[in-house]
Amino acid sequence: MRKQLLAGMILMGLFSCKTELTDSNHEPQLPSPTFQTFEVASSVRALEVLASGEVWYAGSNGQYGYSSNGGIDWVRDSFLLEDRPMEFRSIASTREAIFLLATESPAMLFKSTDKGRQWQLVYREDHPACYYNAMTFWDDTDGIAVGDPIDGCLSILLTTDGGDHWEKLSCKILPPIEAGEAGFAASNTNVAVLGDHAWVGTGGAKARVFHTPDRGQNWEVYETPINQGGKMTGIFSVDFWDAQYGIIVGGDWEKKDRNTLTKAMTTDGGKSWTLLNDGQEPAFRSCVQYVPGSEGKELFAIGIPGISYSSNGGRSWELWSEQSFYTIRIFPSGKGAWLAGKNRLAKLVW
741 MRKQLLAGMI
751 LMGLFSCKTE
761 LTDSNHEPQL
771 PSPTFQTFEV
781 ASSVRALEVL
791 ASGEVWYAGS
801 NGQYGYSSNG
811 GIDWVRDSFL
821 LEDRPMEFRS
831 IASTREAIFL
841 LATESPAMLF
851 KSTDKGRQWQ
861 LVYREDHPAC
871 YYNAMTFWDD
881 TDGIAVGDPI
891 DGCLSILLTT
901 DGGDHWEKLS
911 CKILPPIEAG
921 EAGFAASNTN
931 VAVLGDHAWV
941 GTGGAKARVF
951 HTPDRGQNWE
961 VYETPINQGG
971 KMTGIFSVDF
981 WDAQYGIIVG
991 GDWEKKDRNT
1001 LTKAMTTDGG
1011 KSWTLLNDGQ
1021 EPAFRSCVQY
1031 VPGSEGKELF
1041 AIGIPGISYS
1051 SNGGRSWELW
1061 SEQSFYTIRI
1071 FPSGKGAWLA
1081 GKNRLAKLVW
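Residue numbering for the sequence shown is 741 to 1090, as defined by our numbering.
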């Protein structure tokens, strides 16, 4: 959704055959959060943590950067287009390359294989209505970028050659979008991929989940109970633990303290969604992520204001910190995270 920021689980006893995500004995206690903060002259909603531990970010004012040593040293740079800073809200990586996607027309997708010393323009779109929300890769060859609708369907870009070439899907193979329905470029997480699947969350007039089981060749769309019908309502973030269990968060950006209709879970791959802990913590959130190695029990939900944490698959949550961020990426080890927000990055270790 143009220039707008920002991006639960039913009592699992109802699903006795799926107890692995709600083991009541799994109650890890996180220490009080201690943030190591790094100032940046950019509002950052695009964050990527590599398997090596390297962290990359991209944001407003055309800025991007990375650290290879946990934030001790940073390499920073920026893009200008005809002396106008570009706006980045999407970043992705493979083992060979880093990708940055500028949101607005001209939407420009760049690839670097030398840590940003040189960039190759691999896709450009000049339609005045284009606005890209998020980007990620299934593996080192196949990737996806998603954006606001044009000509009656979502904008979906696919690559099958490691990001050297990108093709936009025809509206003939995508479910039609509803009037007033779009996406949120809030945290680079309104798309999630796992196996051959991808799930895309929308907002505005409708809050729905678009799903492909085969890397973009076929698509379906499913209704959700997340707050919808307003300009800034809907799904801001999607994450999946496996092909069946997933979570969506969002709400109403203009009523961030409202804690109803903000989080839901699926146990059938996205076909149906059930409100989670409705009327309780957390309220509006723009990003949700499962903790690696937690068997799907631990999650973080990030927003303005606050960081919420669940240790039981989303059955209940606690407000872990009142600090505000837009997005989070958890270390592959599951023992810490990087966060990004307005004019700052932060590192957490637990």
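Note that CB positions come from ideal geometry on N, CA and C, so glycine has one too.
Should ASP891 be labelled buried (16 or more other beta-carbon atoms within 10 Å of its own) or exposed? Indexing the sequence shown from 1 puts residue 891 at position 151. Exposed, by the Cβ-count rule.
Contact check, TRP1060 vs LEU787, beta carbons under 8 Å: As a first step, residue 1060 is located in the sequence shown; it is residue number 320 there, counting from the start. As a first step, residue 787 is located in the sequence shown; it is residue number 47 there, counting from the start. Not in contact: TRP1060 and LEU787 (Cβ atoms no closer than 8 Å).
When DSSP labels each residue in this structure, what does ASN1083 get in the three-state scheme? As a working note, residue 1083 is residue 343 in the sequence shown. DSSP, read as helix, strand or coil, puts ASN1083 in strand.
Buried or exposed: where does GLN803 fall if 16 or more other Cβ atoms within 10 Å of its Cβ makes it buried? Indexing the sequence shown from 1 puts residue 803 at position 63. In this structure GLN803 is buried. Its beta-carbon is surrounded by 16 or more other beta-carbon atoms within 10 angstroms.
Once DSSP output is grouped into helix, strand and coil, what is the label at ASN873? Position 133 of the sequence shown, counting from 1, holds the residue named residue 873. ASN873 falls in the strand class under three-state DSSP.
What is the rounded straight-line gap between the Cα of GLY1019 and the Cα of SER1064? Walking along the sequence shown from the start, residue 1019 turns up at place 279. Walking along the sequence shown from the start, residue 1064 turns up at place 324. So the two alpha carbons sit approximately 21 Å from each other.
Where the beta strand (DSSP E) containing GLU794 begins and where it ends: Start at 1 with the first residue of the sequence shown, and residue 794 comes out as number 54. First-last for GLU794: undefined, no H or E at that position.
DSSP on ILE966, reduced to helix/strand/coil? Taking the sequence shown and counting its residues from 1, the one referred to as residue 966 is at position 226. Correct three-state label for ILE966: coil.
Neighbourhood of GLY1009 by C-beta, 6 Å cutoff - its chain only, sequence neighbours within 5 removed: Here residue 1009 refers to the residue found at position 269 of the sequence shown. Closer than 6 Å at Cβ, skipping near neighbours: ALA983, GLN984.
Identity of the residue in GLY793, ARG785, VAL780, ALA781 nearest GLY1076 by Cα: Numbered from 1 along the sequence shown, position 336 holds the residue referred to as residue 1076. Answer by Cα proximity: GLY793.
Could you check how far apart the C-beta atoms of ILE988 and VAL940 are, in whole angstroms? I think they sit under 8 Å. In the sequence shown, residue 988 corresponds to position 248, counting from 1. In the sequence shown, residue 940 corresponds to position 200, counting from 1. Their Cβ separation, rounded to whole angstroms, is 11 Å, which puts ILE988 and VAL940 out of contact at 8 Å.
Spatial neighbours of ALA1086 within its chain, please: C-beta separation below 6 Å, excluding the five flanking residues on both sides. Locating residue 1086 in the sequence shown gives position 346, where the first residue counts as 1. PHE775, THR777, LEU1079.
So, at 8 Å on beta carbons, what are the nonlocal neighbours of SER833 in its own chain, with the 5 sequence-adjacent residues on each side left out? Locating residue 833 in the sequence shown gives position 93, counting from the first residue. Hits under 8 Å: GLU788, LEU790, TRP796, PHE839, PHE877.
Skipping 5 residues on each side, what residues in its chain have a beta carbon closer than 8 Å to that of GLY970? In the sequence shown, residue 970 corresponds to position 230, counting from 1. If we look at GLY970 and ignore the five residues flanking it on each side, its Cβ neighbours are GLY944, ASP992, GLU994.
Suppose you measure from the CA of THR899 to the CA of PRO1022; what does that come to, to the nearest Å? Counting from 1 along the sequence shown, the entry for residue 899 is found at position 159. Counting from 1 along the sequence shown, the entry for residue 1022 is found at position 282. So the alpha carbons of these two residues sit roughly 36 Å apart.
Same chain, Cβ closer than 6 Å to VAL1089, five either side skipped, listed in chain order: For the purposes of this step, residue 1089 is taken as the residue at position 349 of the sequence shown. Within the same chain, VAL1089 has close Cβ partners GLY1076.
Which complete beta strand (DSSP E) runs does the segment 924-996 hold, if anything under 3 residues is left out? 931-934, 937-941, 948-952, 960-963, 973-980, 986-992
Candidates LYS996, LEU1039, PHE828, of which the one nearest PHE980 by Cα: On the sequence shown, residue 980 is found 240 positions in, with the first residue counted as 1. Answer by Cα proximity: LEU1039.
Confirm, please, whether the CB-CB distance from LEU914 to TRP959 is below 8 Å. Residue 959 sits at position 219 when you count from the first residue of the sequence shown. Residue 914 sits at position 174 when you count from the first residue of the sequence shown. Yes.
SER800 (DSSP reduced to helix, strand or coil): Stepping through the sequence shown from its first residue, residue 800 is reached at position 60. Three-state DSSP puts SER800 in a helix.
Near LEU934, what residues of its chain come up, given a Cβ to Cβ distance below 6 Å and the 5 sequence neighbours on each side ignored? As a first step, residue 934 is located in the sequence shown; it is residue number 194 there, counting from the start. For LEU934, where only same-chain residues beyond five positions count, the Cβ hits under 6 Å are PHE980.
Looking at the structure shown, is LYS851 part of a helix, part of a strand, or coil, going by DSSP? Looking up residue 851 in the sequence shown gives position 111. If DSSP states are grouped into helix, strand and coil, LYS851 belongs with the strands.
Length of the line joining the Cα atoms of ALA798 and ARG955: The residue given as residue 798 occupies position 58 in the sequence shown. The residue given as residue 955 occupies position 215 in the sequence shown. Their Cα atoms are separated by approximately 26 Å.
I think ILE917 touches LEU897, with their Cβ atoms under 8 Å apart; what is that distance to the nearest whole Å? Residue mapping note: residue 917 aligns to position 177 of the sequence shown, counting from 1. Residue mapping note: residue 897 aligns to position 157 of the sequence shown, counting from 1. No, ILE917 and LEU897 are not in contact; Cβ-Cβ is about 16 Å, not under 8 Å.
Using a Cβ-Cβ cut-off of 7 Å (strictly less than) and excluding sequence neighbours within five positions of VAL779, which residues of its own chain qualify? Numbered from 1 along the sequence shown, position 39 holds the residue referred to as residue 779. For the record, residue 779 in the displayed sequence is Glu; it is not Val. For GLU779, where only same-chain residues beyond five positions count, the Cβ hits under 7 Å are ASN1083, ARG1084.
Would you report the Cα separation of GLY1033 and GLY1074, rounded to the nearest angstrom? Here residue 1033 refers to the residue found at position 293 of the sequence shown. Here residue 1074 refers to the residue found at position 334 of the sequence shown. Going from the Cα of GLY1033 to the Cα of GLY1074 covers about 6 Å.
Could you compute how far the alpha carbon of LYS851 sits from the alpha carbon of ARG857? Numbered from 1 along the sequence shown, position 111 holds the residue referred to as residue 851. Numbered from 1 along the sequence shown, position 117 holds the residue referred to as residue 857. Their backbone Cα atoms lie some 11 Å apart in a straight line.
If we call anything under 8 Å between Cβ atoms a contact, is ASN930 one with SER830? As a position in the sequence shown, residue 930 is number 190, starting the count at 1. As a position in the sequence shown, residue 830 is number 90, starting the count at 1. Contact: no.
Which ranges does the beta strand (DSSP E) cover as unbroken runs of at least 3 residues, wholly within the segment 801-829, from first to last along the chain? Runs found: 803-807, 815-818.
Candidates GLY1046, GLY887, VAL1028, SER1050: which alpha carbon is nearest ARG1069's? Within the sequence shown, the letter at position 329 stands for residue 1069. Among GLY1046, GLY887, VAL1028, SER1050, the Cα nearest to that of ARG1069 is on VAL1028.
Rounded to the nearest angstrom, what separates SER1026 and ILE966 at their Cα positions? For this step, residue 1026 is matched to residue 286 along the sequence shown. For this step, residue 966 is matched to residue 226 along the sequence shown. So the alpha carbons of these two residues sit roughly 13 Å apart.
Note down the Cα distance separating PHE924 from TYR806, rounded to an integer number of angstroms. The residue labelled residue 924 in the question sits at position 184 within the sequence shown. The residue labelled residue 806 in the question sits at position 66 within the sequence shown. Going from the Cα of PHE924 to the Cα of TYR806 covers about 24 Å.
Applying the 10 Å Cβ sphere with the 16-neighbour rule, what's the burial state of GLU836? Here residue 836 refers to the residue found at position 96 when the sequence shown is read from its first residue. With fewer than 16 Cβ atoms within 10 Å of its Cβ, GLU836 is classed as exposed.
Relative to the C-alpha of ASP817, which candidate in ASP888, GLY810, LYS855, SER977 has its C-alpha closest? As a working mapping, residue 817 is identified with position 77 in the sequence shown. The candidate whose alpha carbon is nearest that of ASP817 is LYS855.
Do you know offhand how far THR1006's Cα is from GLY1036's? If you number the sequence shown from 1, residue 1006 lands on position 266. If you number the sequence shown from 1, residue 1036 lands on position 296. Answer to the nearest angstrom: the Cα atoms are 13 Å apart.
Using the three-state DSSP reduction, which class does ILE917 fall into: helix, strand or coil? For this step, residue 917 is matched to residue 177 along the sequence shown. Residue state, collapsed to three classes: coil.
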